[in-house]
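Since the structure comes first, as C-alpha coordinates, the remarks are kept for the end.
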Amino acid sequence: MNKLLPFLFVLGSIAFSQTYELNIHLKNDSTVTIALDEIQKIVFEDLTGIEAAEALPQAVKAFQLLQNYPNPFNPATTIAYQIPQTAKVNVSVFDISGKLIKELLNETQTEGQHQVTWDGTNLNHTRVASGIYIYTVKSNDVVLSKQMILVK
(Lines of atoms letter the chains of each structure in order from A; the text may use other names.)
(Lines give C-alpha, C1' and ligand atoms only; values in the text may rest on other atoms or scores of the structure.)
Protein backbone atom coordinates (compact mmCIF):
# COMPACT_ATOMS: atom_id res chain seq x y z
CA MET A 26 0.00 0.00 0.00
CA ASN A 27 1.36 3.38 -0.95
CA LYS A 28 1.09 6.23 1.47
CA LEU A 29 1.55 9.78 0.34
CA LEU A 30 2.73 12.16 3.02
CA PRO A 31 2.27 15.78 2.04
CA PHE A 32 5.10 18.03 3.01
CA LEU A 33 4.77 21.75 3.35
CA PHE A 34 8.01 23.62 3.25
CA VAL A 35 7.80 27.25 4.17
CA LEU A 36 10.89 28.88 2.83
CA GLY A 37 10.60 32.48 3.87
CA SER A 38 14.19 33.28 3.07
CA ILE A 39 14.29 32.24 -0.61
CA ALA A 40 14.65 35.89 -1.47
CA PHE A 41 18.18 35.64 -0.11
CA SER A 42 19.10 32.85 -2.59
CA GLN A 43 19.42 30.21 0.08
CA THR A 44 19.01 26.58 -0.92
CA TYR A 45 17.56 23.88 1.26
CA GLU A 46 18.36 20.20 1.04
CA LEU A 47 16.86 17.00 2.36
CA ASN A 48 19.35 14.47 3.71
CA ILE A 49 18.12 10.88 3.72
CA HIS A 50 20.11 8.38 5.77
CA LEU A 51 19.75 4.87 4.34
CA LYS A 52 20.03 1.48 6.04
CA ASN A 53 23.37 0.80 4.35
CA ASP A 54 24.85 3.83 6.16
CA SER A 55 24.95 5.95 3.02
CA THR A 56 23.31 9.37 2.72
CA VAL A 57 21.42 10.81 -0.21
CA THR A 58 21.09 14.60 -0.49
CA ILE A 59 18.35 16.16 -2.62
CA ALA A 60 17.55 19.84 -3.15
CA LEU A 61 14.05 20.59 -1.85
CA ASP A 62 13.02 22.43 -4.98
CA GLU A 63 13.59 19.17 -6.90
CA ILE A 64 11.07 17.19 -4.81
CA GLN A 65 7.58 16.88 -6.28
CA LYS A 66 6.19 14.34 -3.79
CA ILE A 67 7.41 11.72 -1.34
CA VAL A 68 5.85 8.24 -1.35
CA PHE A 69 6.51 5.61 1.30
CA GLU A 70 5.93 2.00 0.18
CA ASP A 71 5.67 -1.28 2.09
CA LEU A 72 5.57 0.30 5.51
CA THR A 73 5.42 -2.03 8.48
CA GLY A 74 4.68 -1.32 12.10
CA ILE A 75 3.44 2.24 11.67
CA GLU A 76 -0.10 3.09 12.75
CA ALA A 77 -1.90 6.21 13.78
CA ALA A 78 -1.63 6.70 17.54
CA GLU A 79 -5.43 6.97 17.79
CA ALA A 80 -5.81 3.47 16.30
CA LEU A 81 -3.59 1.79 18.88
CA PRO A 82 -5.26 0.37 21.97
CA GLN A 83 -4.07 2.14 25.07
CA ALA A 84 -2.99 -0.25 27.79
CA VAL A 85 -4.05 0.74 31.28
CA LYS A 86 -1.07 0.14 33.53
CA ALA A 87 -2.41 1.29 36.88
CA PHE A 88 -5.64 1.81 38.78
CA GLN A 89 -6.42 5.51 38.42
CA LEU A 90 -9.24 7.80 39.51
CA LEU A 91 -9.74 10.95 37.44
CA GLN A 92 -11.25 14.23 38.60
CA ASN A 93 -14.99 14.40 38.05
CA TYR A 94 -16.30 16.76 35.39
CA PRO A 95 -17.78 19.24 35.46
CA ASN A 96 -16.68 20.36 38.89
CA PRO A 97 -18.37 22.30 40.48
CA PHE A 98 -21.51 20.77 38.97
CA ASN A 99 -25.30 21.05 38.86
CA PRO A 100 -27.28 18.87 38.37
CA ALA A 101 -25.00 15.94 37.37
CA THR A 102 -21.32 15.05 37.09
CA THR A 103 -19.27 12.28 35.48
CA ILE A 104 -16.75 10.20 37.42
CA ALA A 105 -14.12 8.47 35.27
CA TYR A 106 -11.57 5.86 36.30
CA GLN A 107 -9.24 3.26 34.81
CA ILE A 108 -8.62 -0.29 35.94
CA PRO A 109 -5.66 -2.37 34.70
CA GLN A 110 -7.45 -5.74 34.84
CA THR A 111 -10.90 -7.23 35.17
CA ALA A 112 -12.03 -6.68 38.75
CA LYS A 113 -14.99 -6.04 41.02
CA VAL A 114 -15.48 -2.26 41.18
CA ASN A 115 -17.46 -0.17 43.64
CA VAL A 116 -18.15 3.54 43.09
CA SER A 117 -19.77 5.44 45.97
CA VAL A 118 -20.48 9.01 47.04
CA PHE A 119 -20.12 10.21 50.66
CA ASP A 120 -20.85 13.52 52.36
CA ILE A 121 -18.05 15.42 54.08
CA SER A 122 -18.76 13.64 57.40
CA GLY A 123 -18.30 10.21 55.78
CA LYS A 124 -21.96 9.22 55.56
CA LEU A 125 -22.80 7.12 52.48
CA ILE A 126 -24.96 9.20 50.15
CA LYS A 127 -25.26 6.80 47.21
CA GLU A 128 -23.66 3.69 45.77
CA LEU A 129 -23.36 4.34 42.04
CA LEU A 130 -21.90 1.03 40.91
CA ASN A 131 -21.00 -2.36 42.37
CA GLU A 132 -20.09 -4.86 39.65
CA THR A 133 -17.27 -6.67 37.88
CA GLN A 134 -15.79 -4.65 35.02
CA THR A 135 -13.19 -5.40 32.36
CA GLU A 136 -9.88 -3.59 32.16
CA GLY A 137 -9.88 -0.13 30.61
CA GLN A 138 -11.44 3.26 31.17
CA HIS A 139 -14.94 3.49 32.61
CA GLN A 140 -17.25 6.25 33.78
CA VAL A 141 -20.39 6.66 35.81
CA THR A 142 -22.69 9.65 36.27
CA TRP A 143 -24.00 10.93 39.60
CA ASP A 144 -27.21 12.94 39.39
CA GLY A 145 -26.89 14.61 42.80
CA THR A 146 -29.40 12.35 44.51
CA ASN A 147 -29.16 10.12 47.59
CA LEU A 148 -30.17 6.48 48.22
CA ASN A 149 -33.84 7.58 48.28
CA HIS A 150 -33.45 9.40 44.92
CA THR A 151 -33.91 12.76 46.68
CA ARG A 152 -31.76 15.72 45.61
CA VAL A 153 -29.00 16.43 48.13
CA ALA A 154 -27.90 19.84 49.41
CA SER A 155 -25.13 21.95 47.92
CA GLY A 156 -21.74 21.14 49.36
CA ILE A 157 -18.54 19.14 49.14
CA TYR A 158 -18.89 15.41 48.49
CA ILE A 159 -16.31 12.64 48.35
CA TYR A 160 -16.43 9.99 45.65
CA THR A 161 -14.54 6.73 45.99
CA VAL A 162 -13.68 3.96 43.59
CA LYS A 163 -12.68 0.62 45.09
CA SER A 164 -11.01 -2.12 43.02
CA ASN A 165 -9.06 -5.13 44.34
CA ASP A 166 -8.98 -3.77 47.91
CA VAL A 167 -7.51 -0.44 46.75
CA VAL A 168 -9.66 2.63 47.41
CA LEU A 169 -9.08 5.95 45.65
CA SER A 170 -11.08 9.08 46.48
CA LYS A 171 -11.48 12.68 45.35
CA GLN A 172 -13.66 15.65 46.26
CA MET A 173 -16.37 17.28 44.18
CA ILE A 174 -18.62 20.28 44.72
CA LEU A 175 -22.37 20.36 44.11
CA VAL A 176 -23.79 23.87 43.68
CA LYS A 177 -27.43 24.85 43.31
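Residue numbering for the sequence shown follows this note's numbering, starting at 26 and increasing by one per position. Idealized CB from N, CA, C, for every residue including glycine. All of these numbers come straight from a predicted model, not from anything done at the bench.
Item                                                                                                                                                                                        : Value
Please determine, among K177, V162, M173, the residue with the shortest C-alpha to C-alpha distance to L90.                                                                                 : V162
For the beta strand (DSSP E) holding A154, just list the boundary residues, first then last.                                                                                                : It is not in any beta strand (DSSP E) - A154 carries neither H nor E in the DSSP assignment.
Would you list the residues sitting across from T102 in a DSSP beta bridge?                                                                                                                 : W143
How many angstroms separate the CA atom of Q172 from the CA atom of T111?                                                                                                                   : 26 Å
Figure out for me which residue from T102, T135, S55 has the closest Cα to the Cα of N165.                                                                                                  : T135
How close, in whole Å, do the beta carbons of L61 and L51 come, if the pair is a contact with beta carbons under 8 Å?                                                                       : L61 to L51, Cβ: 18 Å. No contact.
Quick one: using the 10 Å Cβ neighbour count with 16 as the cut-off for buried, is F34 buried or exposed?                                                                                   : Bear in mind that the predicted position of F34 carries a pLDDT of just 41, short of 50, making it unreliable; the figure below should be weighed with that in mind. With fewer than 16 other Cβ atoms within 10 Å, it is exposed.
Please go through the same chain and pick out, in chain order, the residues whose beta-carbon is closer than 6 Å to the beta-carbon of Q107, but skip the five residues on each side of it. : V85, Q89, Q138
Go ahead and pull the three-state DSSP assignment for E136.                                                                                                                                 : coil
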